[in-house]
Amino acid sequence: AGTLYVVATPIGNLDDIGARALKVLREVALIAAEDTRHSLRLLQHFGIETPLAACHEHNERDEGGRFLARLQAGDDVALISDAGTPLISDPGFHLVRRARAAGIRVVPVPGPCALVAALSAAGLPSDRFIFEGFLPAKAVGRRARLELVREEPRTLIFYEAPHRILDCLEDMEAVFGGDRQVLLARELTKTFETLKGAPLAELRAWVAADSNQQRGECVLLVAGWQAPEGEAAVSAEALRVLDLLLAELP
Ligand code: SAM
Numbered sequence: 022a023g024t025l026y027v028v029a030t031p032i033g034n035l036d037d038i039g040a041r042a043l044k045v046l047r048e049v050a051l052i053a054a055e056d057t058r059h060s061l062r063l064l065q066h067f068g069i070e071t072p073l074a075a076c077h078e079h080n081e082r083d084e085g086g087r088f089l090a091r092l093q094a095g096d097d098v099a100l101i102s103d104a105g106t107p108l109i110s111d112p113g114f115h116l117v118r119r120a121r122a123a124g125i126r127v128v129p130v131p132g133p134c135a136l137v138a139a140l141s142a143a144g145l146p147s148d149r150f151i152f153e154g155f156l157p158a159k160a161v162g163r164r165a166r167l168e169l170v171r172e173e174p175r176t177l178i179f180y181e182a183p184h185r186i187l188d189c190l191e192d193m194e195a196v197f198g199g200d201r202q203v204l205l206a207r208e209l210t211k212t213f214e215t216l217k218g219a220p221l222a223e224l225r226a227w228v229a230a231d232s233n234q235q236r237g238e239c240v241l242l243v244a245g246w247q248a249p250e251g252e253a254a255v256s257a258e259a260l261r262v263l264d265l266l267l268a269e270l271p
């Protein structure tokens, strides 16, 4: 059987493509791409003529079988997404899972990933972090999700769409408080790359005052929760259990 390569591609700056990624994309029989027109431009830039086939979130489950058949017939296939690492807020999970279940070798070809790039330059604790991906688009759902991680001690990482960045920062301020440290990493590796760290209230005001900061692609990193000094560090879970127990008291 062939090998399924999961290949990371640039998140903006084409010079970030890896030498091994280029070699694999050149040598495989087929490239499964999230958006074939988008990826065609990338391949043309590097003079790669490997055939492309669509593998996006709407057809991944149904069409996955086609790629599996090619792999089982002995062809090597590369999986790429529009930008960065496949499966990271991008399609590919179902194909990778099915391939592994079918005993096909799955090989990662690592490279750019917006969350790792942002974290590596943020100056926030990076020994432990959690990636929350995209928050719900509507305020009610977004606040509910933020509430769940309000007392999370690890650095929090979110992807957000530019037209929702301000609403998102407002909700974060309401849930985490205006003093919590946050960093906006925008347009990473591109011409207008901006990394701006500040307390939430300050960053929210800064983004509100400059519509340029509400454009482009962005990652938000929020410092983990720290128990206020002097206060006993009782975990949110302990408090929740205490509430449940208190409710049972006569
Ligand atoms: N698979 C990608 C990765 O490895 O990072 C992520 C794909 S996800 C559909 C797109 C989101 O990633 C954007 O909305 C943004 O939050 C983040 N992102 C991608 N490229 C970025 C960049 N150059 N600068 C900042 N954020 C970026």
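Read left to right, the sequence shown gives residues 22 to 271 (UniProt numbering). For each residue, glycine too, the CB sits at the ideal point set by N, CA and C.
According to DSSP, is residue i helix, strand or coil?
{"i": "CYS134", "result": "coil"}
{"i": "LEU242", "result": "strand"}
{"i": "residue 3", "result": "Nothing can be reported for residue 3: it is not among the residues displayed for the chain, which extend from 22 to 271."}
{"i": "VAL170", "result": "coil"}
{"i": "ILE109", "result": "coil"}
{"i": "PRO129", "result": "strand"}
{"i": "ARG164", "result": "helix"}
{"i": "GLU70", "result": "coil"}
{"i": "VAL28", "result": "strand"}
Which same chain residues end up closer than 8 Å to residue i when comparing Cβ atoms and leaving out the 5 residues on each side of it in sequence?
{"i": "VAL170", "result": "ILE151, GLU153 and LEU177"}
{"i": "LEU136", "result": "ILE109, PHE152, ILE178, TYR180 and VAL240"}
{"i": "ARG41", "result": "VAL130"}
{"i": "LEU43", "result": "PHE67 and ILE69"}
{"i": "residue 272", "result": "For the chain, the structure presents residues 22 to 271; residue 272 sits outside this window and is missing."}
Ligand 1 and residue i: does any heavy atom of the ligand fall closer than 8 Å to the residue's C-beta?
{"i": "GLY162", "result": "no"}
{"i": "LYS211", "result": "yes"}
{"i": "TYR26", "result": "no"}
If contacts are defined as beta-carbon pairs under 8 Å, then residue i and residue j qualify, I think. What distance do you get, rounded to the angstrom?
{"i": "THR106", "j": "GLY132", "result": "7 Å"}
{"i": "ALA160", "j": "ILE101", "result": "Rounded, the Cβ-Cβ distance is 34 Å, inconsistent with contact."}
{"i": "LEU221", "j": "LEU190", "result": "7 Å"}
{"i": "ALA206", "j": "LEU167", "result": "About 19 Å separates the two Cβ atoms, so there is no contact after all."}
{"i": "GLY23", "j": "ASP97", "result": "4 Å"}
Which term fits residue i, buried or exposed, when burial requires 16 or more other beta carbons within 10 angstroms of its beta carbon?
{"i": "GLN65", "result": "exposed"}
{"i": "residue 14", "result": "Outside the shown range of the chain, which is 22 to 271, sits residue 14, and nothing can be said about it."}
{"i": "LEU266", "result": "exposed"}
Going by beta carbon distance, what residues of the same chain come within less than 6 Å of residue i, once the five residues before and after it are set aside?
{"i": "ALA99", "result": "TYR26, VAL28, VAL45, LEU46, VAL49 and ILE52"}
{"i": "THR57", "result": "LEU73 and ALA75"}
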